[in-house]
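The structure appears right after this line, and notes come after that.
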Amino acid sequence: EYSMQDWLIGQVKGLDATVMMVTHDVEEAMLVGNKIFLLSGRPVKADKGH
645 EYSMQDWLIG
655 QVKGLDATVM
665 MVTHDVEEAM
675 LVGNKIFLLS
685 GRPVKADKGH
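Structure (structure tokens):
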């Protein structure tokens with residue numbers, strides 16, 4: 645089954661650009677991204693990239 649994640653990966657693969665995706669699903673972030681930044685707290689603070 646073709647998923648939204650598959651579509652997104654295909655679209656981004658050919659670009660020579662940085663793409664930022666926001667998700668609440670850590671598994672989705674690991675599937676689609678090659679760098680993951682976790683945001684937490686108020687005001688928001690970025691933890692180191694993983």
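Once you know that position 18 of the sequence shown is 662 in this note's numbering, the rest is easy, because the numbers rise by one and skip nothing. A virtual CB, placed ideally from N, CA and C, is assigned to each residue, including glycine. Note that the coordinates shown come from a computational prediction; the quantities given were computed from them, not determined experimentally.
- Item | Beta carbon of Q655 nearer than 8 Å to that of L675 | no
- Task: Look at the alpha carbon of D669 and the alpha carbon of L682, and state the distance between them as a whole number of angstroms.
- Result: 11 Å
- Task: Per DSSP, which residues does A661 bridge with? Please list them.
- Result: Its beta-bridge partners do not exist; DSSP assigns none.
- Query: By Cβ distance below 7 Å, which residues in the same chain neighbour A673 in space, the five residues on each side in sequence not counted?
  - Reply: T667 and I680
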